[in-house]
Amino acid sequence: MLLVFAHLLGMATLVAAFLLQRRTAPGGPLVSLWVSGAAVQLITGLALLGIEPLTDAGYDYIKTGLKLVVALVVAGLAVSFRRAPRVPPRLVPAMAGLVVLNVGLAVF
Ligand code: HEM
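For the sequence shown, the working numbering begins at 3 and goes up steadily by one.
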């Protein structure tokens, strides 16, 4: 339960990153919350999987595996561009889209 709470706060951090990013100049540097949010999602998501045998959860491994790949791409992009003074204009919409994709994979 605490892990799901942290997992949802991690998602909120990524939404906050997107909203804060909109207050910076277009193509400007990435706000650091992208890295924090992606890291929280990877850590709490993997921890949820780790404790699964102790629960009666029964996660869908195909969907969760896809979530892991998508989250790794978000984290990889966030880390690669975190110090870049300018980022490609499509980077932020792409990362936001991947986050939404993961929310969809989680709930459908
Ligand atoms: C951008 C990254 C991610 C986002 C936005 C995200 C979002 C979500 C959301 C909205 C839920 C629904 C919680 C609920 O049903 O109460 C969820 C659940 C879950 N996520 Fe993620 N997630 C992400 C990454 C990951 C990763 C990397 C993993 C593991 C490899 C993961 C594993 C899980 C699991 C196991 C649950 C089920 C928790 C439960 O209902 O007990 N997630 N995620």
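The beta carbon of each residue, even a glycine, is placed where N, CA and C say it ideally should be.
Other residues of its chain near residue i: CB distance less than 8 Å, five sequence neighbours each side excluded
{"i": "T26", "result": "V33"}
{"i": "G29", "result": "R88, V89, P90, P91"}
{"i": "A96", "result": "L79"}
Counted within 10 angstroms of its Cβ, other Cβ atoms place residue i as buried (16 or more) or exposed
{"i": "A19", "result": "buried"}
{"i": "T15", "result": "buried"}
{"i": "F110", "result": "exposed"}
{"i": "V101", "result": "buried"}
{"i": "V94", "result": "buried"}
{"i": "G47", "result": "buried"}
{"i": "G12", "result": "buried"}
{"i": "F7", "result": "exposed"}
{"i": "A86", "result": "exposed"}
{"i": "A98", "result": "buried"}
Short Cβ contact (8 Å threshold) for residue i with residue j
{"i": "V37", "j": "V72", "result": "no"}
{"i": "A40", "j": "A77", "result": "yes"}
{"i": "Y61", "j": "L51", "result": "yes"}
{"i": "L35", "j": "L22", "result": "yes"}
Cut-off 6 Å between Cβ atoms - residues of its own chain near residue i, not counting five sequence neighbours on either side
{"i": "R24", "result": "none"}
{"i": "L107", "result": "K65, L68, K69"}
Residues near residue i in its chain [Cβ-Cβ closer than 7 Å; skip 5 each side]
{"i": "N104", "result": "K69, V72, A73"}
{"i": "V75", "result": "L100"}
The ligand ATP heavy atom lying under 7 Å from the CB of residue i
{"i": "L4", "result": "Inclusion of the ligand ATP in the displayed structure is not the case, the ligand content consisting of the ligand HEM alone."}
Pick from the options that is closest to residue i, judged by C-alpha positions
{"i": "V42", "options": "L5, R84, F83", "result": "L5"}
* Whole runs of the alpha helix (DSSP H) within the stretch 16-93, excluding any shorter than 4 residues -> 35-52, 63-83
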